[in-house]
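Student: Before I ask anything, let me first share the structure, which is written out below as structure tokens.
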């Protein structure tokens, strides 16, 4: 039991319905939330603060029963004023925010969206024989019928399990736990709060989070993306920042990587959203600084000799430092006396095609990211694999797994095939040059400038004709990626585990297509819909000869190919399921806006249905089957 005093709640006012229909305009006021003083507390604690479920009694006769988080009312709970007015619903840092219900002693009630203690969004008010169901703006009835909805699992009147929540109306500035203007969360719930794995999109703020949640806030491992507004007229957003790493109670805390919009990268420790501890900063031009960070600032800088080679002459001034290539592993195959001229000719080839190459890099680095104009991201190896497959590079007698070995720049075997490795523009260009040499050096051996000739052939025959025509199960359509990436991390562990089980002789071992067939058999995934032949068709869909199902079974595969095969198999195995989405009636308006809105709802419905199938496959079929084999 804890006794004492605490300033709990900021002062605000809640509109009161007293049951008198002639005053039913939201202008009357209830007893306010004042700065409250504790008299008594019973419940769970952590580090000397109220945390978990508890009951608090305040001076004046007010009581609260529900969830606390580090000393504040946070989560679901019931607040009862001394005059018997009652609020039951969600609290965020001591304030009624989100979904809630007010009940007055005369029997009138309001149930719906709440913003800072007032009715705002969609809700239903009942007073006597009068019922209003619709939209509210700061306790005033305003707008059309409600558009917020939740579809998913419930347990004892609480969101529990997997579900989707979305709202399409409100102008209130709410914290990240709320759902204004089309914001959407799809993932796991517990006790009415986001809990487990899930994805949240804040459309107005241009933000996206994919990862773990606890008691409604980000906690565990995840990725948060910020797309910030531009100041130029007519431009909506400028390039984004992105953080991938650990969170604690909604803050960046622990090890993590921050990718800045300008191209710099910080990798190291975090504490309360600030860089803290040992860290490394890599600038866009390749310079690296390492040292200790305190309160977001470096206190012991140490520059290392990781600076990229410097270009000279016209190519240097025209290309810029972000297009500096490092191609020593390819130059090693050429006589030393030709190195300088070969490097120079590659720079001239880059100069001729720099606009197209930058455009392709930007396009593929944004695959699976929020489709907001101006967004900029670093390319990942997963996205590089997708580009190479889109351009049929794997039809040139080499697998993507073999190409990984050619372009490796990290001696750690575990990193050779990692899908999460970020690739800057200069490294991307270097990889294309190296890949071109390994594919075409025999065809172009009579050329005066071998590297430049191979590189140009790759661009003209493979990259430029086919780039941006996205294929596969992961990135097409791009909206599905946001759903699928929730399962990337765990599937990557499964992939690595199966590589170890296969006991391939190399340290950088991979799986083969045949291993996927064996894995489905080991996990008992085959049925009348998902047959061996159907799995082989999914695996061979992008091979040179899809009709020859057995030709590619011994090919080594990257994690992209493994994960896309799982997505395809999951869609087939769960094809009879329907998604948790609202019904969409026919549009009664012929306006272009109404038709566009109807089309948007239909697309959302299709996405939600697909999301439900994929979630069910991984959560209730694939991962449980893997756990039974104890291979992870």
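Residue numbers (this note's numbering): 1 to 632. Think of the CB as a built atom: it goes at the ideal place given N, C-alpha and C, for glycine as much as any other residue.
In angstroms with no decimal places, state the Cα-to-Cα distance between residue 453 and residue 570.
Tutor: The straight-line gap from Cα to Cα measures roughly 43 Å.
Student: So the candidates are 55, 436 and 428; which of them puts its Cα closest to the Cα of residue 461?
Tutor: Ranking 55, 436 and 428 by Cα distance to residue 461 puts 436 first.
Student: Pull up the distance between the alpha-carbon of residue 40 and that of residue 294, whole angstroms please.
Tutor: Their backbone Cα atoms lie some 39 Å apart in a straight line.
Student: In the DSSP assignment, find the unbroken beta strand (DSSP E) run with residue 476 in it and report its ends.
Tutor: Where residue 476 is concerned, there is no enclosing beta strand (DSSP E), given that its DSSP letter is neither H nor E.
Student: Would you check if the distance between the CB atom of residue 94 and the CB atom of residue 78 is smaller than 8 Å?
Tutor: Contact flag unset, no.
Student: Contact between the segment 217-228 and the segment 243-259: three or more CB pairs below 8 Å?
Tutor: With the cut-off at 8 Å, the segment 217-228 and the segment 243-259 touch.
Student: Roughly how many angstroms lie between the CA atoms of residue 482 and residue 540, to the nearest whole one?
Tutor: Those two C-alpha atoms are separated by around 25 Å.
Student: Residue range of the alpha helix (DSSP H) that residue 389 falls in?
Tutor: Per DSSP, residue 389 belongs to the alpha helix (DSSP H) from 381-390.
Student: Would you call residue 419 buried or exposed, if buried means 16 or more other Cβ atoms sit within 10 Å of its Cβ?
Tutor: So residue 419 counts as buried.
Student: Just checking my contact of residue 185 with residue 206 at CB under 8 Å: how many whole Å lie between their CB atoms?
Tutor: 16 Å between Cβ atoms; not a contact.
Student: For the structure I just gave you, are there three or more beta carbon pairs, one from the segment 535-552 and one from the segment 561-568, closer than 8 Å?
Tutor: The segment 535-552 is in contact with the segment 561-568.
Student: Does the Cβ-Cβ distance between residue 386 and residue 475 come in under 8 Å?
Tutor: Contact flag set, yes.
Student: Would the segment 540-558 and the segment 392-410 be scored as touching if the rule is three or more Cβ pairs under 8 Å?
Tutor: Touching, yes, given that three or more Cβ pairs across the two stretches are closer than 8 Å.
Student: Between which residues of its own chain and residue 202 is the CB-CB distance below 6 Å, once the five residues before and five after are set aside?
Tutor: Cβ within range, chain order: 183.
Student: Considering only residues of the same chain and omitting the five flanking positions on each side of residue 62, which have a CB-CB separation below 8 Å?
Tutor: Around residue 62: 36, 79, 80, 81 and 82.
Student: Indicate whether residue 330 and residue 210 have their beta-carbon atoms separated by less than 8 Å.
Tutor: No, these two residues do not count as a Cβ contact at 8 Å.
Student: Using only alpha-carbon positions, find the residue among 439, 113, 447 and 365 that is nearest to residue 138.
Tutor: Of the candidates 439, 113, 447 and 365, the one whose C-alpha sits nearest the C-alpha of residue 138 is 113.
Student: From the DSSP secondary-structure annotation, give me the bridge partner or partners of residue 218.
Tutor: Partner(s): 213.
Student: Using three-state DSSP, classify residue 423 as helix, strand or coil.
Tutor: Three-state DSSP puts residue 423 in a strand.
Student: Under the three-state reduction of DSSP, which class applies to residue 533: helix, strand or coil?
Tutor: Of the three classes helix, strand and coil, the one that applies to residue 533 here is helix, per DSSP.
Student: Beta-carbon within less than 6 Å of residue 159's beta-carbon, same chain only, minus the 5 sequence neighbours each way: which residues are those?
Tutor: Answer for residue 159: 189 and 192, listed in chain order.
Student: Give me the Cβ distance between residue 356 and residue 464, rounded to the nearest whole Å; I'm assuming they're in contact under 8 Å.
Tutor: Residue 356 to residue 464, Cβ: 6 Å. Contact.
Student: Apply the 10 Å Cβ neighbour rule to residue 531 and answer buried if 16 or more other Cβ atoms are within range, or exposed otherwise.
Tutor: By the 10 Å Cβ count, residue 531 comes out exposed.
Student: Taking residue 517 as part of the beta strand (DSSP E), name the residues at either end of that continuous run.
Tutor: Where residue 517 is concerned, there is no enclosing beta strand (DSSP E), although the alpha helix (DSSP H) it sits in stretches over 513-522.
Student: Taking 8 Å as the threshold (C-beta atoms), are residue 608 and residue 164 in contact?
Tutor: Result yes, Cβ atoms of residue 164 and residue 608 sit closer than 8 Å.
Student: So residue 541 is in the alpha helix (DSSP H); what residue range does that whole segment cover?
Tutor: Element bounds for residue 541: n/a, residue is neither H nor E.
Student: Mind reading off the beta-carbon distance from residue 242 to residue 253? Whole number of angstroms is fine, and I expect it under 8 Å.
Tutor: Contact doesn't hold; Cβ gap of about 17 Å is too wide.
Student: Taking the alpha-carbon of residue 576 as reference, which of 546, 458, 408 and 612 has the nearest alpha-carbon?
Tutor: Minimum Cα distance to residue 576 is reached at 612.
Student: How is residue 118 classed by DSSP in three states: helix, strand or coil?
Tutor: In the structure shown, residue 118 sits in a strand (DSSP, three-state: E or B).
Student: Measuring CB to CB, does residue 361 end up less than 8 Å from residue 379?
Tutor: In this structure, residue 379 lies closer than 8 Å to residue 361 by Cβ.
Student: How many whole angstroms separate the CB atoms of residue 44 and residue 54, which I take to be in contact at a CB cut-off of 8 Å?
Tutor: Yes, residue 44 and residue 54 are in contact; Cβ-Cβ is about 6 Å, under 8 Å.
Student: Pick from 291, 287 and 337: whose alpha carbon is nearest that of residue 324?
Tutor: Taking only the C-alpha atoms, the option nearest residue 324 is 287.
Student: Give the single residue among 66, 70 and 125 whose Cα lies nearest to the Cα of residue 96.
Tutor: It is 66.
Student: Please classify residue 544: is it buried, with 16 or more other beta-carbons within 10 angstroms of its beta-carbon, or exposed?
Tutor: So residue 544 counts as exposed.
Student: Residue 638 by DSSP, collapsed to three states: which one?
Tutor: Residue coverage of the chain in this structure runs from 1 to 632, which leaves residue 638 outside it and unanswerable.
Student: Grab the span of the alpha helix (DSSP H) containing residue 378 for me, first residue to last.
Tutor: Counting along the chain, residue 378 falls outside any alpha helix (DSSP H), and DSSP gives it neither H nor E.
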